[in-house]
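Working notes, structure below.
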Amino acid sequence: MGYKVRLDVFEGPFDLLVYLIESARMSIYDIKVSEITSQYISYLEEMQQMNVAVSSEFMVLAAELIDIKSKMLLPRSTDPEANPEAEDPRTNLVARILEYKKFKIASEILREGEIANFRIYEKPQEDISEYTESPDEYLKLDIDQFVNAFNLFLARKKKIEEIKQRYERIERQKISAEHRMQFIQDLFKADPHKKVPFSEIVQDKTDRYDIALSFSSMLEMIKQTKLTAEQKRIYGEIIVGATEHINEKIVAESEPAEGGE
Amino acid sequence: MTTAKSIKGAFEAMMFTWGEPLDARTAGDVLNISEKEAIAYLEELKEEYEKEGRGIRIRRINKSFQFVTADENALYIERLCTPVRKRKLSQSALEVLAIVAYKQPVTRGEIEAVRGIKCDRVLEGLARKELVEEKGRSNGIGRPILYGTTDTFLKYFGFSTLKELPDIEDIESLIEVPEEYEDAIMANQISLEEIGSEEKTDGEATAPEEVQPDPGEEGAEAGGDAEQPE
Amino acid sequence: MTTAKSIKGAFEAMMFTWGEPLDARTAGDVLNISEKEAIAYLEELKEEYEKEGRGIRIRRINKSFQFVTADENALYIERLCTPVRKRKLSQSALEVLAIVAYKQPVTRGEIEAVRGIKCDRVLEGLARKELVEEKGRSNGIGRPILYGTTDTFLKYFGFSTLKELPDIEDIESLIEVPEEYEDAIMANQISLEEIGSEEKTDGEATAPEEVQPDPGEEGAEAGGDAEQPE
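Residue numbers (numbering that gives the first Met the number 0), protein chains in the order written: chain A, 0 to 260; chain B, 0 to 229; chain C, 0 to 229.
Shown next, in the form of C-alpha cells:
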C-alpha cells in the first residue's frame, strides 16, 4: 500500500491507526496486530526519513502496539491468570479506538453544521451611538436601603438628643449635688466615725444618674477633705468615712475641680 | 428560483445584509431581472410589511430600498440601546428623602431643623431626579415651598401609595428618643462597681464619636467632660 | 402597547437594530414582560417567518434571538456583496470541540485520553474563538479546569440548544455492532475510509494548522486566509 499521505494530516496516533486499519479493510474487532504494527512503524520511519518530526505520542502508541503484538504471540486463554482483566490483549486498544471513532464521527457531524451555517448571514448592529453616548442614570434604590439610611439618620439624631440631655443634666446636677452632699453630711451626723459603703450613699440604685451624682458628690467631699474613701480591691466596694471637717459648710463645687479626679 | 416568493425572499435577504439603501438595478442584476421588475417586487414587499404591521419596514429612496425599524418602535429601541448607569443616592440624599417621605408636605426649613444642617442642594438633586417635587406653599412667613415625594419615588419601591411605606409611627417616636429608652440603656451598661473603676472613665473619655459616653458617667467626672472630643 | 402584534413588532425592531443575538430577558425588560413571555412571543415570530418562507429568519440560541438570512439566499448574498470569507475550523479543532460538546464538563486530560495526543494549544484556540470556555474546576488531583461549550458554539454550528446535538449513543451503536454484523461494519468502514482518504489527500494535505476548505463545498470557495468573523 502506498501511503502518500503526510503524517501531519493525522490528528494523532489513533487517527493514523484507524486510517491504517480501515485501509487494510480490517475489522476493528479483529485487528491483525502484527500486520498493523509493522505498517504503523514503517509509516513512522518513512516520516522520519523525510525529516518530519514525529511527536512522542505516535511513538507511545507504537510501543503499545509492539507490546500487544508480543502478548498476542503468547498462548492465550491457557493462561488467564497472567492477564485476567483483558483476556484478549487487544481489548483495551479496541475500546479506545472505538471511543476515538465516535468523536471523529461527531466531528464530521459538526463539520456539516459548520458548512451549512456558513450559508446564513447576520447583519451588523445598527448605529446606536446616539443612545450609547448618553447613558441613563438609573437610580439604584430599594426599600431596605432606604430604611437603613433612615435608621442610620435616626441613630445619629438620637445621639444628638443624648448629648443635649446630658448637658441639661449637668446643669441639673450642679443644683442637686448640693442636696446630695447635704445628704451625705447628714449620714455622718449621728456617728462621724462610722464607715458607710458607697452603695448606701446612693439613694436610687436603679438610677444611673443617681449613682453618678452620688459618686461625684462623694468625690467632691473628698476633695474638700470632708470624707475619706478606700477600696480594698479593684471594682470592690468603696468604704466611705468622715473626717473632722465633715460638718463644715457644704460648698457646691470647689474651684480647682476642672480636671475631675 | 422563479417564484415571486423566492425573488422577494432573495430581496429581503439582500436588503438585510446590505444595510444601506439597495439599488433596485443592482438587486435585479443578482437575480437576472430588470430594474423595473425589481422595483415592482420591492414595492410589493414594502406593502406587505406595512399591511402586516411589522416592526421593521421597507423604506424607498428613489429607486433604492432599505429595511428600517417602524416609527412606533423608536421608544423601545431607545430603551434597549441606552446603556444604564446605576447610581446610588448619598446618605444625605436618602435622609432628606426619608424626612420628606414621612413628614410631607414639609418645608426646607423643617427638614433642616430635623437634620440640623442645610439641605438646599440635596433637595435640588432629589427634585432633578424627580423623587421630590413642590407641593405648594406654606402659609408661614415668606410662604416657603412645601415638598413632597413623587410617583417616581413610589415606583422605585414598587409602592402604589405612601401608606405602604414602613410604619411612620414607629419612626417618629424614635426621633424623639424617649427618656425611658435612654435609662434602660444606662441600666444595662453600668453597674455600681464600674463607677469606681478609673479605667472605665478613662476609656470613655477617649471614646470615638460612635460610642457616646453616658450622661451619668460623665456626671461622675464633675465637669471633666469639657475636653470630651465630640 | 399591549397587543401581541405590537409586542412582536417591537421585538422585530429591537432584533433588527441589535444585530447580535438579543437576550429574551433584556428584550422583555424593555416591554415590562417576563423572560418567559418574551420567549413565547419570539418563538411565535420565529415560526411566522419560517411559515411565510421569508428571506430573513429568526435564529434562536438558547434564550437569545437574532435575525439572519434564510440559507436558500446565500448565493444571492454572495453575488451581491462578496461577504467576508469564512474559514473552517481545523480537523483537530473540530475533534476537540466534539469531545468537549458531548462530554462536557470535561478536563483537558480527558480530551487528550480520547485523542491520544496533546490538545492544549487547540483548546487555547477554541477558547480564544469563544467556542469553549472554562466551566469550573474538577475535584480531581490538581483541580484541573473543566471545559464546556459556549453560546457562540451553538451559533457557529446552527444549534439552538445543546439538546440539538445529534445523539451520540446512536453514533456509538453505529460503531459497536455485534460480531455477526461484522461484514456490514467492514463495508461501512470501507466507505468511510474512501471519504476520509479523499478528504485527506484533497483537502487536508495542504493545510497544516487551519484546514483548507474542501473544493466544491458551500462557502468554501472562500479559501483559508480571512479570519472567521465572529
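Heads up, the beta-carbon is just placed ideally off N, CA and C, and yes, glycines get one too. The model shown is predicted, which means the values in this text are computed figures rather than measured ones.
Tell me the DSSP secondary structure of residue i in three-state form.
i, result
"Pro231(C)", "Coverage of chain C is limited to positions 0 through 229, which leaves residue 231(C) absent and any answer about it impossible."
"Tyr234(A)", "coil"
"Gln38(A)", "helix"
"Phe187(A)", "coil"
"Phe158(B)", "coil"
"Gln65(C)", "strand"
"Ala225(B)", "Because Ala225(B) sits at a pLDDT of 34, beneath the cut-off of 50, its placement in the model cannot be relied upon, and the following sentence gives the value as read from the coordinates. Ala225(B): helix per DSSP, three-state reduction."
"Leu96(B)", "helix"
"Glu229(A)", "strand"
"Thr149(C)", "coil"
"Glu133(B)", "strand"
"Leu153(A)", "helix"
"Lys87(B)", "strand"
"Ala241(A)", "strand"
"Ser172(B)", "Low local confidence applies: a pLDDT of 49 at Ser172(B) is under 50, so the model's placement there is unreliable, and no value is given."
"Arg89(A)", "coil"
"Tyr51(A)", "With the sequence shown as reference, residue 51(A) is identified as Val, and Tyr is not the correct amino acid for it. Looking at Val51(A) - three-state DSSP - the assignment turns out to be coil, as it is neither helix nor strand."
"Leu140(A)", "coil"
Expressed to the nearest angstrom, what Euclidean distance is found between the alpha-carbon atoms of residue i and residue j?
i, j, result
"Ile60(C)", "Glu163(C)", "11 Å"
"Leu130(B)", "Gly124(B)", "9 Å"
"Val8(A)", "Ile35(A)", "19 Å"
"Ile6(B)", "Tyr40(B)", "8 Å"
"Asp66(A)", "Lys101(A)", "25 Å"
"Gly240(A)", "Ala154(A)", "43 Å"
"Lys87(B)", "Val95(B)", "14 Å"
"Ile245(A)", "Ala176(A)", "16 Å"
"Ala3(B)", "Lys122(A)", "24 Å"
"Phe145(A)", "Lys154(B)", "13 Å"
"Leu186(A)", "Lys156(A)", "42 Å"
"Thr160(B)", "Asp143(A)", "17 Å"
"Val67(B)", "Ile57(B)", "6 Å"
"Phe10(B)", "Glu46(B)", "14 Å"
"Ile32(B)", "Ser106(A)", "41 Å"
"Glu111(A)", "Ile110(C)", "22 Å"
"Lys117(C)", "Leu15(A)", "15 Å"
"Gly249(B)", "Glu36(C)", "Lying before the first or after the last residue shown, residue 249(B) is absent from chain B, which here runs from 0 to 229."
"Ala73(B)", "Glu129(A)", "12 Å"
"Arg89(A)", "Ile76(C)", "53 Å"
Here's the rule: buried if 16 or more other CB atoms are within 10 angstroms of the residue's CB, otherwise exposed. What is residue i?
i, result
"Tyr42(A)", "buried"
"Ser91(C)", "buried"
"Met180(A)", "buried"
"Phe182(A)", "exposed"
"Lys128(B)", "buried"
"Pro207(C)", "At Pro207(C) the pLDDT is 38, less than 50, meaning the model places this residue with poor confidence and gives no usable figure here."
"Gly8(C)", "buried"
"Val85(C)", "As written in the sequence, residue 85(C) is Lys, which differs from the Val given in the question. By the 10 Å Cβ count, Lys85(C) comes out buried."
"Thr166(A)", "One detail in the question is off: residue 166(A) reads as Tyr in this sequence, not Thr. Result: exposed."
"Gln184(A)", "buried"
"Lys193(A)", "exposed"
"Lys248(A)", "exposed"
"Asn138(C)", "exposed"
"Met13(B)", "buried"
Going by beta carbon distance, what residues of the same chain come within less than 6 Å of residue i, once the five residues before and after it are set aside?
i, result
"Val113(C)", "Ile98"
"Gly147(C)", "Gln103, Pro104, Lys134"
"Gly141(C)", "none"
"Ile167(C)", "Tyr101"
"Pro191(A)", "Ala241, Ile245"
For residue i, which residues of its own chain have a beta-carbon under 8 Å away from its beta-carbon, when the five flanking residues on both sides are left out?
i, result
"Arg95(A)", "Phe13"
"Gln47(A)", "Val53"
"Lys62(B)", "Asp22, Ala23, Arg24, Glu34, Ile38"
"Lys204(A)", "Ser198, Ile210"
"Arg136(C)", "Arg142, Pro143, Ile144, Leu145"
Give me, in chain order, the residues of the same chain whose beta-carbon lies closer than 7 Å to that of residue i; leave out the 5 immediate sequence neighbours on both sides.
i, result
"Ile20(A)", "Ile27, Ile30, Ile35"
"Val195(A)", "Leu186, Val239"
Residues within the segment 184-210 of chain A neighbouring chain B, beta-carbon criterion of under 9 Å: Phe197, Ser198, Val201, Lys204, Thr205, Asp206, Arg207, Tyr208, Asp209, Ile210
Members of the segment 101-119 of chain A near chain C, C-beta cut-off 7 Å: Lys101, Phe102, Lys103, Ile104, Ala105, Ser106, Ile108, Leu109, Arg110, Gly112, Glu113, Ile114, Ala115, Asn116, Phe117, Arg118, Ile119
Chain B contacts made by the segment 137-164 of chain A, where a contact means CB separation under 8 Å: Tyr137, Leu138, Lys139, Leu140, Asp141, Ile142, Gln144, Phe145, Val146, Ala148, Phe149, Leu151, Phe152, Leu153, Lys156, Lys157, Lys158, Ile159, Glu160, Glu161, Ile162, Gln164
Near-chain B residues of the segment 17-29 of chain C - C-beta to any C-beta below 9 Å: Trp17, Leu21, Thr25, Ala26, Asp28, Val29
Residues of the segment 132-165 of chain B with Cβ closer than 7 Å to any Cβ of chain C, in chain order: none
Residues, ordered as in the chain, of the segment 78-108 of chain C that lie near chain A by beta-carbon distance below 8 Å: Pro82, Lys85, Lys87, Leu88, Gln90, Ser91, Leu93, Glu94, Leu96, Ala97, Ile98, Ala100, Tyr101
Contact residues within the segment 56-75 of chain B, judged by C-beta distance below 8 Å to chain C: Phe66, Thr68, Ala69, Glu71, Asn72, Tyr75
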